[in-house]
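So the structure is just underneath, and the comments pick up after that.
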């Protein structure tokens, strides 16, 4: 069957080199030869056709998943609330991180990650740093073609809100090849959600490793001392030099109650910022559980089937809902009688677990307590939590 | 300063430390585990973990 463009209203595409048409029509397809991208005009935005789904390499960009909790005061750990969202902090005052039910009206987003300053650092010391970041496995980044002649740009889009207007810095770091590039964006209006798009240049130098280790870091500055601001902002790819990383960064720690909030984060290949790619909660949760899995948290919860493998030792095997990125670390809350081993003719209470082995493919692991049990060897049963503060999690974060 | 403990068993070595009411434990089986990487860096600085023994059982 032949199709007539004239009779069926099909209009030809346009090949462009560096510019998009100023008055495109819905359905118009363009090929941008300079970036090797194809896109279609959807009425209000250009949608990349090279990848119509799974464009966003950011996990939990809508901040919907928060297995670790919703608020942590005086944060020091790398990961605190929203899954996959890490932090780097050196001095820079004191901060509370929370997941808020606050997002741009009409965006479809409902939650955001908030950093609230509770002790100011009005004059940051040279080594001060506070940043929010997400780290990526190299095997999830190969579509950027980094390190090849066909390398693609990195386009980050996000909603941001802060009471502190001014210049902010976002940057990406190639961990495999020790390279980085930065870009500035402006918070123009205080206490107002603003959509920002930052396109980082393509890099024909240094390919990402195709493995499960960290290859890329997407980072937003909040506080930066002179060690990170004394040079010239690295707006082209270069060897990672701290002095060029966050030049011009506004100090969000200048006063107590200053805050910075972010949501709707997307990072995709090419120069086009497509609309935020929503996904169902279960899909996002599964992606997050590759890096962190909260097995139990609270009282009277079944940890799993158990057996007394020694006169003072109980062992429990735990299956993970998804294969984890790597052999995970067991993070087990410890305290008096936090756990109970129910078996024939009685129960043993004990305080903590230690990780032992992991299954092939990182799909399950075993853990034990070998000091606080007094069960006959070979008895089977179940372990339950015995305290509201008991929790068991597995961590394979980057 | 953090103190690491180890227990060598048939399938490998458990390594752990206590922090803020949590026992953080991992094994020596996978170099991609960032806690194991930190432990190896700690050992490279000249530190030695305490080997658990049955006498430690309460």
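Protein chains in written order, with my numbering: chain A, 1 to 398; chain B, 1001 to 1058.
C-beta atoms are modelled at their ideal positions from N, C-alpha and C, and glycine is treated no differently.
Just so we're clear, the structure is a prediction, and the values are computed from it rather than from any experiment.
- At a cut-off of 9 Å, the C-beta of residue 279 of chain A has no neighbouring C-beta in chain B.
- Annotation: the continuous beta strand (DSSP E) that includes residue 220 of chain A extends over 214-224.
- A direct Cα-to-Cα measurement between residue 1020 of chain B and residue 19 of chain A gives close to 56 Å.
- If you draw a 10 Å sphere on the C-beta of residue 319 of chain A, you find fewer than 16 other C-beta atoms in it, and that means exposed.
- Chain-ordered, the chain B residues with CB closer than 8 Å to the CB of residue 358 of chain A read 1027, 1029, 1030.
- Within the same chain, 322, 323, 324, 325, 396 come within 8 Å of residue 290 of chain A by CB-CB distance, once the 5 residues on both sides are set aside.
- Distances from the alpha-carbon of residue 110 of chain A to those of A:64, A:82, A:122, A:68 put A:64 closest.
- By the CB criterion at 9 Å, residue 389 of chain A and residue 335 of chain A fall inside the cutoff.
- When DSSP states are grouped into helix, strand and coil, residue 242 of chain A belongs to the helix group.
- Assigned with DSSP and collapsed to three states, residue 133 of chain A falls in strand.
- In chain order, 104, 193, 195, 263, 264 place their CB closer than 6 Å to the CB of residue 159 of chain A, counting only its own chain and leaving out the 5 sequence neighbours on each side.
- By alpha-carbon distance to residue 215 of chain A, the top candidate from A:123, A:114, A:311, A:135 is A:135.
- Under the Cβ criterion (8 Å, minimum of three pairs), the segment 92-107 of chain A does not count as touching the segment 178-185 of chain A.
- Just so you know, the alpha carbons of residue 154 of chain A and residue 271 of chain A end up roughly 7 Å apart.
- Secondary structure note for residue 281 of chain A: it is in no beta strand (DSSP E), and the uninterrupted alpha helix (DSSP H) holding it is 281-289.
- The way I'd put it, the segment 197-214 of chain A does touch the segment 139-150 of chain A; three or more beta-carbon pairs between them come closer than 8 Å.
- Setting aside the 5 residues that flank it on each side, residue 137 of chain A is surrounded in the same chain by 211, 212, 213, 214, 215, 325, 398, each with a C-beta closer than 8 Å to its C-beta; the list follows chain order.
- A contact is defined here as three or more CB-CB pairs under 8 Å, and the segment 379-388 of chain A meets this definition with respect to the segment 300-310 of chain A.
- Residue 1053 of chain B and residue 217 of chain A have their alpha carbons spaced roughly 41 Å apart.
- Inter-residue distance for residue 45 of chain A and residue 357 of chain A is about 50 Å (C-alpha atoms, whole angstroms).
- With a beta-carbon spacing of about 13 Å, residue 83 of chain A and residue 97 of chain A fall beyond the 8 Å limit used to define contacts.
- About 6 Å separates the CB atoms of residue 129 of chain A and residue 92 of chain A; that is less than 8 Å, so the two are in contact.
- For residue 1007 of chain B, the CB contacts under 6 Å within the same chain, skipping 5 residues up- and downstream, are 1014, 1052 in chain order.
- Per DSSP, the beta bridge partners of residue 305 of chain A are A:382.
- Judged by beta-carbon spacing, residue 252 of chain A lies beyond the 9 Å limit of residue 229 of chain A, meaning their Cβ atoms are not closer than that value.
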